[in-house]
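To start, the structure itself, in structure tokens.
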Amino acid sequence: DKQLVRERIMGHVLRSKGFIWTAHSHDLVGNFHTAGNTLTMDTTDHWNVLKPQAWIGTESEKAVMRRDFVEHWGDRRQEIVFIGHDMRHFAVQEILDECLLDDDEFELGVDGWKATMGDVFLHGDMEEDSSEDEMEEEK
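What follows is the structure in structure tokens.
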């Protein structure tokens, strides 16, 4: 039973949620949700670093958009919370750490990630957006 295996390894994790930065969809915020044995991952938006509002407007408006920016990557990051009891914190952390790029993979950069892992979501979403814009312009 999946629940027993999960509880043996991670403790009693009831739910988790947050957002993730994935190498194969570098420009899109990944949404991450679990409840019991159900895991949902999707993308719904671009990171703030890619939005015009982060670069134009008043200094206070830009500051709001940039509050989580870090050097080269802007606001791209992992931010997940786990809700439960008797959780095995270090086991959960170890599982999550295994999902991260290692130093050699990270050194490849965006072009290397696209070459080795693909560009799963970005082009499809961008093409859909530009197609919709083109259709609007034709009207």
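Per the UniProt record's numbering, residue 1 is the first one in the sequence shown, and the count goes up by one each step. We put the CB at the ideal spot given by N, CA and C, even for glycine.
For Gly-112, the enclosing alpha helix (DSSP H) stretches over residues 109-117. Per DSSP, reduced to three states, the secondary structure at Asn-48 is helical.
As the crow flies, the alpha-carbon of Gln-3 is around 43 Å from that of Ala-63. Counting along the chain, Val-13 sits inside the beta strand (DSSP E) bounded by residues 12-20. Taken through DSSP and simplified to helix, strand or coil, Ile-95 comes out as helix. Residue pairing of Val-29 in beta bridges, as defined by DSSP: Asp-45. A Cβ-Cβ contact shorter than 8 Å links Gly-74 with Asn-48. Looking at the DSSP output, Glu-79 bridges to Phe-19. Here Leu-39 carries a strand assignment [DSSP, helix/strand/coil].
By the criterion of at least three beta-carbon pairs nearer than 8 Å, the stretch 15-25 is in contact with the stretch 82-94.
Around the beta carbon of Thr-44, fewer than 16 other beta carbons lie within 10 angstroms, which makes this residue exposed. A straight-line Cα-Cα distance of about 32 Å links Arg-76 and Arg-8.
Note on geometry: alpha-carbon atoms of Gly-118 and Glu-59 lie some 37 Å from one another.
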